[in-house]
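In what follows, a single structure is set out as structure tokens and then discussed.
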Amino acid sequence: MGYAGLYMTTNRWFSLPGSGRRFNACFHAALILALAIAIGSPAQAARIKDLADIAGVRSNQLLGYGLVVGLDGSGDKHNTVPYTMQSLRSMLNQLGIVVPPELKLKPKNVAAVSIHAELPPFAKNGQRIDVTVSSIGDAKNLRGGSLLMTPLKGADGQVYAVAQGNLVVGGLSASGADGSSVTVNIPTAGRIPNGATVERSVKTLFGVGNYLTLNLKSGDFTTVKRMVDSINKTVGSNTARAIDASSIRVNAPVDTSQRVGFYSLIENLEVMPGTAPARVIVNSRTGTVVISNEVRVFPAAVSHGNMVVTISEETAVSQPAPLARRGNTEVVAQSEVAISEGQSRMFLFNPGTTLDEVVRAVNQVGAAPSDLVAILEALKQAGALQAELVVI
Numbered sequence: 029m030g031y032a033g034l035y036m037t038t039n040r041w042f043s044l045p046g047s048g049r050r051f052n053a054c055f056h057a058a059l060i061l062a063l064a065i066a067i068g069s070p071a072q073a074a075r076i077k078d079l080a081d082i083a084g085v086r087s088n089q090l091l092g093y094g095l096v097v098g099l100d101g102s103g104d105k106h107n108t109v110p111y112t113m114q115s116l117r118s119m120l121n122q123l124g125i126v127v128p129p130e131l132k133l134k135p136k137n138v139a140a141v142s143i144h145a146e147l148p149p150f151a152k153n154g155q156r157i158d159v160t161v162s163s164i165g166d167a168k169n170l171r172g173g174s175l176l177m178t179p180l181k182g183a184d185g186q187v188y189a190v191a192q193g194n195l196v197v198g199g200l201s202a203s204g205a206d207g208s209s210v211t212v213n214i215p216t217a218g219r220i221p222n223g224a225t226v227e228r229s230v231k232t233l234f235g236v237g238n239y240l241t242l243n244l245k246s247g248d249f250t251t252v253k254r255m256v257d258s259i260n261k262t263v264g265s266n267t268a269r270a271i272d273a274s275s276i277r278v279n280a281p282v283d284t285s286q287r288v289g290f291y292s293l294i295e296n297l298e299v300m301p302g303t304a305p306a307r308v309i310v311n312s313r314t315g316t317v318v319i320s321n322e323v324r325v326f327p328a329a330v331s332h333g334n335m336v337v338t339i340s341e342e343t344a345v346s347q348p349a350p351l352a353r354r355g356n357t358e359v360v361a362q363s364e365v366a367i368s369e370g371q372s373r374m375f376l377f378n379p380g381t382t383l384d385e386v387v388r389a390v391n392q393v394g395a396a397p398s399d400l401v402a403i404l405e406a407l408k409q410a411g412a413l414q415a416e417l418v419v420i
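Just add 28 to wherever you are in the sequence shown, counting from 1, and you've got the working numbering.
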């Protein structure tokens, strides 16, 4: 009764090529919603839109070179960054201002910058995107500057957007007459929200052909199998087919409008991802250790203790005997070496020991992160660690 109105709100049907069947998109969406409310969603389930991307639907990187003006004397120096003055001279010439060659431009309020942006998929002419501006010269601060009109090009050399606007800089720098200075964050980089206008759109493969290819963000055979089963169970058998551990081919309507509704149904299906491989990640620089939930330890006994070596240096004065005819007074170093070994306790790993038991056992002996790395490496060498040890 509660979902009758939801079922009756649509007459939108779509058909899949080669299936001979027609489906009502909203009907299936309402059915999925009702089942989710009735039985509850899996605790660790994820939507297909969070697990996979559509092949051919991607963003593109844009890059440009321009000038930032209006700085408070913190721009590039003309004697160390000559290309800034060359760019300024070229810009003035393009605007119809003739600058004599013998005239040396020495403004301190101009900085040469690189501009980069990301052109999202389906971006159309006239839409706005954010840009990031970074100094490439020796400018000290871009705060308060304005970016002049700069074309942004793609990898093919074509202009896809034009950027211009006032910078938002999160950094700050200040200096005194005695040479002291204070810098907060990075003052030589900033952003311009909606600072570029799209001038050329990029075609995608979303409306091409009679199928869609979904590429998993993290390839996994189990996840692919569950995604295929979920799509076929919801839409119809033979709708989705696995290609490999990271790709799925899904039959889709040819009409673009119907394809949008069809993928809206597909991307909101929830799937339980496959568990990640057993890995132990060790950051050798910070001492961070991350252990995945699938790590297991075969039977092994571990004893780990700390040895402390203390070396103290003292000096003494050596003098000759009172009636000695030879000898000099000298300072002699005296070293004292002491070795103390901390109390060492042995702990036992039973067959199939889990992550929780490993962490608890290591914490009981008071091992530091560096000690934990040594224990894991020793277990790996002994063949008792059922996991891949990755050092980054």
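We put the beta carbon where it would ideally sit given N, CA and C, even for glycine.
DSSP three-state assignment for D81, whether helix, strand or coil | strand
Would you identify the three-state DSSP class for A58, choosing helix, strand or coil?
Confidence in A58 is poor, its pLDDT being 38 and thus under 50, which makes the residue's placement too unreliable to answer from.
For I259, collect the residues of the same chain with a Cβ closer than 7 Å to its Cβ; drop the 5 residues on either side in sequence, then sort them by chain order. T267, A268, V278, I294, L297
Under the three-state DSSP convention, the category E416 falls into: strand
*Decide yes or no for the touch test of the segment 118-125 against the segment 188-197: beta carbon pairs closer than 8 Å, at least 3 of them.*
no
Neighbour-count burial assignment, D248, 16 or more Cβ in a 10 Å radius:
buried
Discussion item. With the cut-off set at 8 Å, would you say G140 and T112 are in Cβ contact?
Written reply: Note on residue identity: the sequence assigns Ala, not Gly, to residue 140. Yes, Cβ-Cβ distance for A140 and T112 is below 8 Å.
Given L147 as reference, the closest of E405, N222, V263 once Cα atoms are compared:
N222
**OP:** Can you say whether K168 is buried or exposed, counting buried as having 16 or more other CB atoms within 10 angstroms of its CB?
**Re:** buried
Which word fits F23, buried or exposed, when buried means at least 16 other C-beta atoms lie within 10 angstroms of its C-beta?
With the chain running from 29 to 420 in the structure shown, residue 23 is simply not present.
Quiz prompt | Rounded distance between the beta-carbons of G165 and L195, thought under 8 Å | solution = Not a contact, Cβ separation roughly 15 Å.
_Could you compute how far the alpha carbon of T314 sits from the alpha carbon of V345?_
45 Å
Look at the Cβ atom of A217, then the Cβ atom of S162, and state whether they are nearer than 8 Å. yes
* Asked: In whole angstroms, what separates the C-alpha of M300 from that of L240?
  -> 21 Å
**OP:** Can you give me the Cβ contacts of S265 inside the same chain, cut-off strictly under 8 Å, excluding the 5 residues immediately before and after it?
**Re:** none
Query raised in the report: Taking the DSSP output, what are the residues bridged to I319?
Result: V308
Worksheet entry | First through last residue of the alpha helix (DSSP H) which encompasses G289 | 284-295
### Task
On a CA-only basis, which of G302, T251, S246, S292 is nearest V263? Give me that one, please.
S292
*According to DSSP, what are the bridge partners of T303?*
Paired residue(s): none; T303 is not in a bridge.
Burial state of G103, where buried means 16 or more other Cβ atoms lie within 10 Å | buried
Original post:
Between H144 and L91, is the Cβ-Cβ spacing less than 8 Å?
Top reply: yes
Measure the CB-CB distance between Q414 and A306 and report whether it falls below 8 Å. yes
Q) In its own chain, which residues sit with a C-beta less than 6 Å from the C-beta of L417, not counting the 5 before and 5 after it? A) V308, K408
Residues in the same chain with beta-carbon distance under 6 Å from L233, minus the five sequence neighbours each way, listed in chain order, please. G84
- Leaving aside the five residues before and after S87 along the sequence, list all residues of the same chain whose C-beta is less than 8 Å from its C-beta, in chain order. E146, L147, P148, P149
Beta carbon of K152, beta carbon of S246: below 8 Å?
no
**Asked** Could one say the Cβ of L175 lies closer than 8 Å to chain B's Cβ atoms, at least one of them?
**Response** Here chain B cannot be found, since the structure has a single protein chain.
*From which residue to which residue does the beta strand (DSSP E) around L147 run?*
138-147
Margin query: If you follow the beta strand (DSSP E) that T241 is in, where does it begin and where does it stop?
Written below: 239-244
field: Bridge-paired residues (DSSP) for Q89
entry: E146
*asked:* Considering Cα atoms alone, identify which of K261, A270, G237, K77 is closest to V252.
replied: A270
### Query
How many whole angstroms separate the CB atoms of L244 and L79, which I take to be in contact at a CB cut-off of 8 Å?
6 Å
### Close-in-space but distant-in-sequence residues of the same chain around G101 (CB under 6 Å, 5 per side omitted)
K136
Starting from K181 and walking both ways along the beta strand (DSSP E), at which residues does that stretch end?
174-181
Q) Using the C-alpha atoms, what's the distance from D184 back to E227? A) 15 Å
Query raised in the report: Rounded to a whole number of angstroms, what is the C-alpha to C-alpha distance between L327 and D257?
Result: The residue you asked about is not Leu; residue 327 is Pro in the sequence shown. Approximately 38 Å between the Cα atoms of the pair.
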